[in-house]
Each structure stands twice: as structure tokens, then as C-alpha cells.
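What follows is a short report on a single structure.
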Amino acid sequence: MIRFSSLFSTLLFGLASAITSPAFAHAKLQSSDPRAGSMLDKAPTQVRLKFNEALEPAFSKIKLTGPRNTAIPVAGATVDKADPAVLAAPLPALSAGAYRVQWSTMAHDGHKVKGEFTFTVK
Ligand SMILES: [Cu+2]
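In the working numbering, the protein residues as written are 47 to 168.
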């Protein structure tokens, strides 16, 4: 009976580990270009966000806010065909100032995630 229950708890533990394994974790931002908090001599021409897993294009977007809180239209945020874990968007010409990138996306597990970071053009 003791052996049976320890086998049972081992099975339960295995099941719990499977449920919380990284395969079921949310999409996480791994790196960005421009980098979070960066000071740039030259205005970036695109935003590129690298996640840890493939993204759903229909639920992925990038918002840009510029100096004095002006919304800057970002057209065509797309998931990279060569790397479905990358969300990228071309940027219009940016003048000097502080910018905030807000992104939202969804991984194939159906969980929506969002985040933001800033960069500065000198
Ligand atoms: Cu998730």
C-alpha cells in the first residue's frame, strides 16, 4: 500500500510538471531592437521584437508614442515569415526625443501578453 501511494504521488508530480512545463508558458519578450532603454545616435527605421515562441499574427501589434505623448502611427506590424517568434514593424522618420514602444501579442497557447519599453533618439 505504501509503495502504491508513492507510485501514485510520483505520477501526480509528473502530471503537474507536464502541465507547468515551458511548452505551455506564455510568450516572453527575449530581446528588442532598439534595445529597452537605449540612447540612439541614429533614429531606428524599424522595431524588432524577439520572443521565446511563435506568435499569432492576428493578435500582435506595436504602438509607438513619441515626445509630448504624441501617438505615432505604426503601419504593418507583422510576424516574421522566417522566424515566427519575431514581431517587426517599419517606423516612420523619427526626430530626436523619447519614445515608448507598447506591444501586445498572443502565442499559440492562446494567452495574450503585453509589455512596453522606451528608447531615446539623441
Ligand atoms: Cu501562456
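Ideal Cβ placement from N, Cα and C applies to all residues, glycine included.
Three-state class that DSSP yields for residue i in the structure shown
i	result
ALA64	The pLDDT assigned to ALA64 is 48, lower than 50, so where the model puts this residue is not dependable; a value taken from the coordinates is nonetheless given after this. ALA64: helix per DSSP, three-state reduction.
ARG81	coil
PRO136	strand
ALA144	strand
ALA153	strand
ALA117	strand
Beta carbon of residue i nearer than 8 Å to that of residue j
i	j	result
LYS168	ASP87	yes
VAL125	PRO103	yes
ASN98	ALA73	yes
PHE163	ALA82	yes
Residue burial classification, residue i (beta-carbon count within 10 angstroms, cutoff 16)
i	result
PRO136	exposed
THR151	buried
ALA123	buried
SER78	buried
GLY143	exposed
GLN117	With the sequence shown as reference, residue 117 is identified as Ala, and Gln is not the correct amino acid for it. When all chains shown are included, ALA117 counts as exposed.
Contact test: residue i Cβ vs ligand 1 heavy atom, cutoff 7 Å
i	result
HIS72	yes
ALA157	Contrary to the premise, residue 157 reads as His rather than Ala in this sequence. Because some heavy atom of ligand 1 lies under 7 Å away, the Cβ of HIS157 counts as near it: yes.
ALA153	yes
Member of the options whose CA lies at the smallest distance from the CA of residue i
i	options	result
ALA139	LEU75, ALA100, SER77, VAL93	VAL93
GLY161	TRP149, ALA153, ASP155	TRP149
PRO80	ALA89, ALA73, LYS74, HIS72	ALA89
PRO130	THR166, ASN115, SER106	SER106
ILE108	LEU75, ARG114, HIS154	LEU75
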